[in-house]
Amino acid sequence: MSAFKNLLILILLFFLLVLPSCSFLDKYDPGFIERQQNFENIKNVKVGMTKKQVIAIMGSPILDEIYNKPDVWFYYTDWDWADCARTEEESTPVVFKNGVVIGIGRGFYRNYSHEAWQYSNVKAILYDTTGQEE
Numbered sequence: 000m001s002a003f004k005n006l007l008i009l010i011l012l013f014f015l016l017v018l019p020s021c022s023f024l025d026k027y028d029p030g031f032i033e034r035q036q037n038f039e040n041i042k043n044v045k046v047g048m049t050k051k052q053v054i055a056i057m058g059s060p061i062l063d064e065i066y067n068k069p070d071v072w073f074y075y076t077d078w079d080w081a082d083c084a085r086t087e088e089e090s091t092p093v094v095f096k097n098g099v100v101i102g103i104g105r106g107f108y109r110n111y112s113h114e115a116w117q118y119s120n121v122k123a124i125l126y127d128t129t130g131q132e133e
């Protein structure tokens, strides 16, 4: 029974030492300040704003995707891994159409991207590689 108690104490000590280190390391992430600022600033971005207005609030995006229409800008707002890579998954998308914000956030981006993908597949089915209708 004492071996079990010792093991239990070691496990508890391990968790008491390791769990607080996660929040400690988060504050020393090189992008911590930028991520926190972006997280707060993105709340001020509204549908209908122009690209200039978004840049005035958020600064330059870390990633952008241009698929003819719409433009999608990504701002670093989340932290998934301590790998120092700023990825699309750790970012909040801002979706533009004709230079104006039409949606913000991963849910909107996912739905909008899916609609665009469906439309492009329909277009690909209707036209062959020369652009002529089949």
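Here the sequence shown is numbered in numbering that gives the first Met the number 0, starting from 0 and rising by one per residue.
The C-beta atom is built at its ideal place from N, Cα and C for all residues, glycine as well.
The structure displayed is predicted, hence computed values, not measured ones.
In angstroms with no decimal places, state the Cα-to-Cα distance between residue i and residue j.
| i | j | result |
| --- | --- | --- |
| Thr76 | Val53 | 15 Å |
| Ala55 | Val46 | 15 Å |
| Asp70 | Arg34 | 22 Å |
| Gly106 | Gly30 | 24 Å |
| Glu39 | Leu6 | 44 Å |
| Phe13 | Tyr108 | 41 Å |
| Asn67 | Val44 | Confidence is the limiting factor: at Asn67 the pLDDT is only 47, short of 50, which leaves the residue's position unreliable, though a coordinate-based value still follows. Their backbone Cα atoms lie some 22 Å apart in a straight line. |
| Val94 | Ile61 | 14 Å |
Comparing alpha-carbon positions, which option in the options lies nearest residue i?
| i | options | result |
| --- | --- | --- |
| Lys50 | Arg34, Asn97, Phe38 and Glu39 | Asn97 |
| Ser59 | Leu12, Asn110, Pro92 and Ile10 | Pro92 |
| Val100 | Phe73, Glu39, Ser1 and Phe38 | Phe73 |
| Gly104 | Ile61, Met48, Trp78 and Lys42 | Lys42 |
| Asn37 | Leu11, Met48 and Met57 | Met57 |
Locate the beta strand (DSSP E) running through residue i, then write down its first and last residues.
| i | result |
| --- | --- |
| Ile103 | Val99 to Ile103 |
| Val71 | Asp70 to Tyr75 |
| Val93 | Ser90 to Lys96 |
Can you determine whether any heavy atom of the ligand ZN sits closer than 7 Å to the C-beta of residue i, and answer yes or no?
| i | result |
| --- | --- |
| Tyr111 | Among the ligands in the structure shown, none appear at all, so the ligand ZN cannot be discussed. |
What is the residue span of the alpha helix (DSSP H) that residue i lies within?
| i | result |
| --- | --- |
| Met57 | Lys50 to Met57 |
| Asn37 | Phe31 to Asn40 |
Report yes if the CB atom of residue i is closer than 8 Å to the CB atom of residue j, and no otherwise.
| i | j | result |
| --- | --- | --- |
| Glu88 | Trp78 | no |
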